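S.K.:
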Amino acid sequence: MEKSSSFITYLIGAIMMWSARHTVQDIAFMVGALVAVATLGINIANFFINWHYRRKTWRLLQQRQTGRNEDEFNS
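In my numbering, the protein residues as written are 972 to 1046.
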């Protein structure tokens, strides 16, 4: 218990020491940059997920269309 509370105390101290070195404007810029990078990562991941499922849907529709054409020729 003492080790974890000591670690938390040191962590809070390090965060306070870091924030004392920077102005509010610097911290706001860093947070904004971090949010922008996270948003970019999410958007890139979203692009590839959508691409995968649209490609999968397109292939499925192609298979259905090919199956219909073969059935029309067989009857």
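Glycine is no exception: its CB is placed at the ideal position from the N, C-alpha and C atoms. Owing to the predicted nature of the structure, the values given are computational and were not obtained by experimental measurement.
According to the Cβ coordinates, are I998 and S990 closer than 8 Å?
M.R.: Looking up residue 998 in the sequence shown gives position 27. Looking up residue 990 in the sequence shown gives position 19. Yes, the Cβ-Cβ distance between I998 and S990 is below 8 Å.
S.K.: Starting from T980, follow the alpha helix (DSSP H) in both directions and report where the run begins and ends.
M.R.: As a first step, residue 980 must be located in the sequence shown, where it is residue number 9. Residues 973-992.
S.K.: Compute the Euclidean distance between the alpha carbons of R1035 and V1006, then round it to the nearest angstrom.
M.R.: Within the sequence shown, the letter at position 64 stands for residue 1035. Within the sequence shown, the letter at position 35 stands for residue 1006. Each residue's alpha carbon lies about 43 Å from the other.
S.K.: Measure the C-alpha to C-alpha separation of R1039 and W1022 and round it to an integer number of angstroms.
M.R.: The residue labelled residue 1039 in the question sits at position 68 within the sequence shown. The residue labelled residue 1022 in the question sits at position 51 within the sequence shown. Between R1039 and W1022, the C-alpha separation is close to 26 Å.
S.K.: If you draw a straight line from the C-alpha of A1004 to the C-alpha of L1011, how long is it?
M.R.: Position 33 of the sequence shown holds residue 1004. Position 40 of the sequence shown holds residue 1011. Straight-line Cα distance between these residues: approximately 11 Å.
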